Amino acid sequence: MLSDQKPLTSETTKGPSILIIDDSDDDFALLSRHIRKRWVQASIVHGPSKSELINLVSKQGFDVVICDHSMPDMDSTQARETLRSLGCDAPVIVCSGWADEQVGIAAMNDGARDFVEKGRPDRLIPVMERELSTRLLILQKEQVAQEAIAAGRVDSLTQLPNLAHFEELMDQLNTQGGETLLLTLALEGLNRQRKSLRAGVEQSVLVEFSNQLKSLFPKNALGRISDFEFAVCLKPAQGQWDLPKCIEEIYNRFDQPFSMRGQRISLDIQMGSASNELCGNDAKEMLAHSGSAMRLARNQNLHADVLIDTAFHQRARRHQTIEYSLASAIQDGELQLFFQPVINLPSRRLGSVECLVRWQHPVLGRLSPDEFIGIAEESGLIVQLGAWVLRSSCEALKSLHAAGYPITVAINCSSPELSQPDFAGQLLSYLDEHNIDRKYFELEITESAALSDFGETVKILEKLHKAGISLAIDDFGTGFSSLNYLRKLPVDVLKIDKSFVQEMTEHEDSSKIVRAIIGLGKSLGLTIHAEGIESESQADMLDVWGCNRLQGYWISKPLDMTDFLAWLKADGQAFLPDLQKKRVAL
Ligand code: C2E
Ligand code: CA
Ligand code: CA
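First residue of the sequence shown? That's 1 in our numbering, and the numbers climb one at a time after it.
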């Protein structure tokens, strides 16, 4: 480090700053003359003794140091130690009259840059030129890095370009023409584990990972684009990595768990990719696409190999369009609520409706919730979507009751909604404010949502249950939950997943499972609700086995409010209680 002096910018505008450590005034004068012949503007300073040396180095920095080996109060090794202790990292060339090869080797082993015999300017000057130009390069690099840190363009932990800087680098690469590929890497395992790691371990892993990336891709543009995400830019036409090789190498390097300061780390890298040929030459657009591709691959449990597949990228583009337009869809009224009737057994009379959301997308057309609920959950927008569903279902309940159908509405609720602060309190106040009798309201929660934070979920559900809200476990049988867990949840209804119902007539195993769920559920005092009923024979079987509720296309597909009201007046007549039948007939 050049302590008080600015680094050299150019040899031509300013001469190098040189320190000569030598007890002999004559040798200093002779050496200075030789140096001045090469660098007229050189600043040459004499350090004849240890105290002089300390004094000089404390005050200023040097670009190169020439050091005699043997002096009355120190030798070159001690002189270098003194320099080091004062933070001077200028290259040291040992220059001694005592032409002992051993001295030279020892000096070099100890960190001196070279050893030159005194009185040999023909050797010394080229060595100095070499050292000064290396020094200049190092200083320039340091300066660029310092400027980048100062300008907030480099991540201070890993020294990698941050998102904004990486985007600039990608934009530059895009302007070079040809294909630019982007690979994004999310350290999902580290993100999951971070709370259980000792102080500093997470940072050490990130530094280690970035060092490995730097060594793997020394010529590529790299970046740390968020806390746990990194990115690599590839130019296959310039002989850089191609995507399949890159994916394979990353798996080879990082797939195995490793130990960091005694803690076991599993990075569990998720990858996404984008090409400017699909996304255009905009870095932001490529990063967004890569993110969507990564989430799609993760949600569908696909190996990163899919990233080289064009059809996959087309799906990822659709995924991205959905992600981007979801927020405005909620605001702009593109969502619609559909209603699917549920009948009670053995009466076969209408008891409730399940509210199911639909999205009429301006470009992609009608979207099924299976395509966007997962995306809404991931982005957090499910909270706004859920609020919309609650509002709309309460409006529907009121208009159905006003039309003379005192039925219950059931809405689906995802795990991020349950995690909202005071979810139960807010739901209850909403129902109260809108004069909704709680006994007409049911909440469906999937097994996995109920289990994601079991302790908390129990508390929320208990509050709702005590307040008179009916609670149903949706898609029962598809998750990991057992009836033992179920015992601890204050639920009222068990919805047997439609996959079992649909296989019931063909597969003996499925029919055994359904009968077992009905038996065990009923022994716990639960209402058993079967969904996905598509035929009368399925309805009959479930009726015989003691199932309490049926839902499915055999009764009706989900319908919008207009069609549902029309259904109630036509096909639904068969399922209406006598009292209502009379009322409708009037
Ligand atoms: P789910 O809660 O299991 O809803 C039942 C799904 O089965 C619905 O699909 C319904 O249309 C379909 N279905 C009903 N009867 C039959 C049948 O007889 N045969 C067949 N093959 N299918 C039948 P949909 O409407 O596409 O909804 C899919 C999933 O999206 C729902 O599954 C639910 O998990 C989720 N979802 C829908 N609306 C909402 C919502 O407002 N909020 C949340 N969080 N999730 C929702
Ligand atoms: Ca449901
Ligand atoms: Ca279900």
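A virtual CB, placed ideally from N, CA and C, is assigned to each residue, including glycine.
Predicted model only: the values in this text are computed from it and were never measured.
{"Check": "Any non-hydrogen atom of ligand 3 within 6 Å of GLU531 CB", "Outcome": "yes"}
{"Check": "SER17 classed as buried or exposed, judged by whether at least 16 other C-beta atoms fall within 10 angstroms", "Outcome": "buried"}
{"Check": "Distance CB(ALA530)-CB(ILE555) smaller than 7 Å", "Outcome": "no"}
{"Check": "Meets three-Cβ-pair contact criterion under 8 Å: the stretch 219 to 226 and the stretch 145 to 161", "Outcome": "yes"}
{"Check": "Sequence ranges, alpha helix (DSSP H) only - wholly within the stretch 208 to 273, length at least 4", "Outcome": "243 to 254"}
{"Check": "Minimum length 4: unbroken alpha helix (DSSP H) runs contained in the stretch 454 to 489", "Outcome": "454 to 466, 483 to 488"}
{"Check": "Given ALA186 as reference, the closest of MET128, CYS95, SER273 once Cα atoms are compared", "Outcome": "SER273"}
{"Check": "Beta-carbon contacts of ILE308 that lie in its chain and below 6 Å, excluding the five residues immediately before and after", "Outcome": "LEU243, PRO244"}
{"Check": "LEU83 versus LEU31 - alpha carbon distance", "Outcome": "21 Å"}
{"Check": "Assumed close pair ARG123, VAL64 - CB separation to whole angstroms, cut-off 8 Å", "Outcome": "Contact flag wrong, Cβ pair sits at about 15 Å."}
{"Check": "Buried/exposed call for PRO558, threshold 16 Cβ in 10 Å", "Outcome": "buried"}
{"Check": "Residues near LEU53 in its chain [Cβ-Cβ closer than 7 Å; skip 5 each side]", "Outcome": "ILE21, GLY47, ALA79, THR82"}
{"Check": "Buried versus exposed, by CB contacts within 10 Å (16 or more), LYS459", "Outcome": "exposed"}
{"Check": "Cα-Cα separation, ALA424 to LEU464", "Outcome": "6 Å"}
{"Check": "Integer-rounded CB distance, given that PHE338 should sit under 8 Å from LEU350", "Outcome": "Their Cβ separation, rounded to whole angstroms, is 16 Å, which puts LEU350 and PHE338 out of contact at 8 Å."}
{"Check": "LEU132, enclosing alpha helix (DSSP H) - first and last residue", "Outcome": "121 to 150"}
{"Check": "LYS495, DSSP secondary structure in three states", "Outcome": "strand"}
{"Check": "Check whether ILE528 and GLY552 have beta carbons under 7 Å apart", "Outcome": "no"}
{"Check": "Beta-carbon contacts of ILE44 that lie in its chain and below 7 Å, excluding the five residues immediately before and after", "Outcome": "ILE18, ILE20, SER32, ILE35"}
{"Check": "Given SER511 as reference, the closest of ILE473, ALA539, LEU486 once Cα atoms are compared", "Outcome": "ALA539"}
{"Check": "Local conformation of PRO48 per DSSP, three classes", "Outcome": "coil"}
{"Check": "C-beta atoms of ASP475 and THR446 nearer than 7 Å", "Outcome": "yes"}
{"Check": "Chain-order list of residues whose beta-carbon lies under 7 Å from that of PHE258 (same chain, five-residue window excluded)", "Outcome": "ILE265"}
{"Check": "Residue interval of the beta strand (DSSP E) (run including PHE441)", "Outcome": "441 to 446"}
{"Check": "CB contact flag (SER76, CYS67, <7 Å)", "Outcome": "yes"}
{"Check": "CYS67: first and last residue of the uninterrupted beta strand (DSSP E) it sits in", "Outcome": "64 to 67"}
{"Check": "By C-beta, the residues closer than 6 Å to any heavy atom of ligand 2, given in chain order", "Outcome": "GLU354, ASN412, GLU444, ASP474"}
{"Check": "Entirely enclosed beta strand (DSSP E) segments - the stretch 350 to 429, minimum 3 residues", "Outcome": "365 to 367, 408 to 413"}
{"Check": "VAL116 versus ALA107: straight-line alpha-carbon distance, rounded", "Outcome": "11 Å"}
{"Check": "Element boundaries [beta strand (DSSP E), containing ILE630]", "Outcome": "Nothing can be reported for residue 630, as the shown portion of the chain is limited to 1 through 586."}
{"Check": "The stretch 433 to 440 in contact with the stretch 395 to 413 per 3-pair CB rule at 8 Å", "Outcome": "yes"}
{"Check": "Nearest-angstrom beta carbon gap, LEU267 and LEU190 [assumed within contact, 8 Å]", "Outcome": "6 Å"}
{"Check": "Cutoff 6 Å; reference LEU526; Cβ partners in own chain excluding five residues on either side", "Outcome": "LEU494"}
{"Check": "Option nearest HIS319 by Cα separation, candidates VAL342, SER290, PRO341, VAL491", "Outcome": "SER290"}
{"Check": "CA-to-CA distance, ILE138 to LYS6, given in whole angstroms", "Outcome": "Confidence is the limiting factor: at LYS6 the pLDDT is only 44, short of 50, which leaves the residue's position unreliable, though a coordinate-based value still follows. One C-alpha to the other measures close to 13 Å."}
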